[in-house]
Amino acid sequence: MDSETLFIFTGIGGHNRIWGAFNRITMVQGWHIIRATVSPYSLTYWEPKEQASGLIRPSAFLAKDEPKILSAQTERTSQIENYTTFSKLEGSQLQGGLADNTTSYKLDYTAPSERKHWQFILEHKNIEYELGMGGGSGLTGFIGTTTVVRRMRV
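So for the sequence shown, the numbering used here puts the first residue at 495; every next one is plus one.
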């Protein structure tokens with residue numbers, strides 16, 4: 495390779511920074527953070543479960559060719575408000591070494607006022623990192639594949 499050759503790559507990247515008044519173990523029982531790109535879609539999903547109440551407070555974002563097409567902050571089914579549902583799936587080969595034996599996820603994004611629904615399946619392929627914190631708890635980062643299962647009218 496010529497030392498003068500310049501390579502330029504463009505793509506999608508991101509950064510997570512979680513700030514809080516207290517440490518995360520005091521504030522939440524657990525969470526899921528998902529980011530994926532399946533051309534032409536990009537999605538994020540953040541699901542913290544509150545320590546005190548046990549409530550799940552999701553935040554979801556879906557874009558198509560960069561512009562946002564949906565955001566949602568609830569998992570409750572609605573005829574008016576955008577919502578998302580998150581389901582754990584089991585049965586694939588790869589799972590982490592902690593207590594949760596989930597091998598893939600299903601994310602549904604619904605915009606009832608537009609009568610649109612998108613479904614994505616995210617399947618684990620490799621473990622990027624794992625940090626056990628005792629008693630089967632800890633952090634596992636997976637790399638995997640994401641599939642758009644369907645986009646449909648509701």
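The C-beta atom is built at its ideal place from N, Cα and C for all residues, glycine as well.
Quick caveat: nothing in here was measured; it's all calculated off a predicted structure.
Practice item. Could you pull out every residue in the same chain whose Cβ sits closer than 6 angstroms to the Cβ of Y623, ignoring the five residues on either side in sequence? Key: Numbered from 1 along the sequence shown, position 129 holds the residue referred to as residue 623. Cβ within range, chain order: G635.
Review point. Does DSSP put P552 in a helix, in a strand, or in coil?
Key: Position 58 of the sequence shown holds residue 552. Three-state DSSP puts P552 in coil, outside helix and strand.
**Study point:** Validate contact between the stretch 577-597 and the stretch 623-633 using beta carbons, cut 8 angstroms, 3 pairs
**Key:** yes
Point to revise | DSSP three-state assignment for T568, whether helix, strand or coil | key: For the purposes of this step, residue 568 is taken as the residue at position 74 of the sequence shown. Coil, per DSSP.
Practice item. Give me whichever residues DSSP pairs with K562 in a beta bridge. Key: Mapped onto the sequence shown, residue 562 falls at position 68. Secondary-structure assignment with DSSP links K562 through a beta bridge to A557.
Practice item. Output yes or no for whether 8 angstroms exceeds the beta carbon distance between L537 and L583. Key: What you label residue 537 is simply residue 43 of the sequence shown in a count that begins at 1. What you label residue 583 is simply residue 89 of the sequence shown in a count that begins at 1. Between L537 and L583, the CB-CB gap reaches or exceeds 8 angstroms.
Review point. What's the C-alpha gap between P542 and V522?
Key: Position 48 of the sequence shown, counted from the first residue, corresponds to residue 542. Position 28 of the sequence shown, counted from the first residue, corresponds to residue 522. C-alpha separation (whole angstroms): 6 angstroms.
**Study point:** Per DSSP, cross-strand counterpart(s) of G545
**Key:** Here residue 545 corresponds to residue number 51 of the sequence shown, with the count starting at 1. First, the amino acid is wrong: residue 545 is Gln here, not Gly. DSSP lists no bridge partner for Q545.
Check your understanding: From M627 to T520, what distance separates their C-alpha atoms?
Key -> In the sequence shown, counting from the first residue as 1, residue 627 sits at position 133. In the sequence shown, counting from the first residue as 1, residue 520 sits at position 26. Here the C-alpha atom of M627 lies approximately 14 angstroms from the C-alpha atom of T520.
Review point. When the Cα atoms are used, what is the spatial distance from I574 to I621?
Key: Taking the sequence shown and counting its residues from 1, one reaches residue 574 at position 80. Taking the sequence shown and counting its residues from 1, one reaches residue 621 at position 127. Computed Cα separation, rounded: 38 angstroms.
Point to revise | Classification of I546 by the beta-carbon crowding that lies within 10 angstroms, buried from 16 upward | key: Looking up residue 546 in the sequence shown gives position 52. The amino acid occupying residue 546 in the given sequence is Ala; Ile does not appear at that position. Exposed, since its Cβ has fewer than 16 Cβ neighbours within 10 Å.
Review point. Would you say A515 faces chain D, with C-beta separation under 8 angstroms as the test?
Key: In the displayed structure, chain D is absent; only one protein chain is listed.
Point to revise | N576 vs A605 beta-carbon contact at 8 angstroms | key: Along the sequence shown, one-based indexing puts residue 576 at 82. Along the sequence shown, one-based indexing puts residue 605 at 111. Closer than 8 angstroms, so yes.
Review point. According to the neighbour-count rule (16 or more other Cβ atoms, all chains shown, within 10 Å of its Cβ), is A515 buried or exposed?
Key: The residue labelled residue 515 in the question sits at position 21 within the sequence shown. That one is exposed.
Check your understanding: Pick from H526, V532, W612, T641: whose alpha carbon is nearest that of E560?
Key -> One-based indexing of the sequence shown puts residue 560 at position 66. Among H526, V532, W612, T641, the Cα nearest to that of E560 belongs to V532.
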